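Residues in the sequence shown are numbered from 4 upward in steps of one, following the working numbering.
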Amino acid sequence: MRPEGRFRGVAVAESFGSVVAHVAEVSNDGSGQIKVERIVSAVDCGLAINPDQVRSQVEGGIGFGLGAILGEEITLTDGQVDQGNFDVYTPLRIDAMPRVEVHILASANPPTGIG
4 MRPEGRFRGV AVAESFGSVV AHVAEVSNDG SGQIKVERIV SAVDCGLAIN PDQVRSQVEG
64 GIGFGLGAIL GEEITLTDGQ VDQGNFDVYT PLRIDAMPRV EVHILASANP PTGIG
């Protein structure tokens, strides 16, 4: 049973023989402000040679993806990019990153694109 004001979304992708599924749990306090509370990911990449690196790749991808949808923006004025450095371009900060769980499926299959 999910708490009031919490919602879940599911995404699945396949690339280079690896399959990754994500479940995002988001909340809405009624004001219209949405917060990503947690993301749970499952990775099927064959034999994971370095599981910590697989986790890092998935966590980093989640961070970049969330940054893109939650506030990163590149704007142009007269054909020139307005953001010249990170003081005016704001990627997702670590304190805004939700809890992330990455589960790597055990496999004896050959490594694929991430493994």
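Where is the CB? At the ideal position from N, CA and C, for every residue including glycine. Remember, predicted model here, so these are calculated numbers, not experimental data.
The three-state secondary structure of Gly33, taken from DSSP, is coil. Assignment of beta-bridge partners to Asp47 by DSSP yields Val22.
The continuous stretches of alpha helix (DSSP H) do not include Arg96, and DSSP gives it neither H nor E. In this structure, the beta-carbon distance from Leu95 to Leu73 falls below 8 Å.
Counted as a single uninterrupted DSSP element, the alpha helix (DSSP H) harbouring Arg58 occupies residues 54 to 73. Following the DSSP letters along the chain, one finds Glu104 inside the beta strand (DSSP E) bounded by residues 102 to 107.
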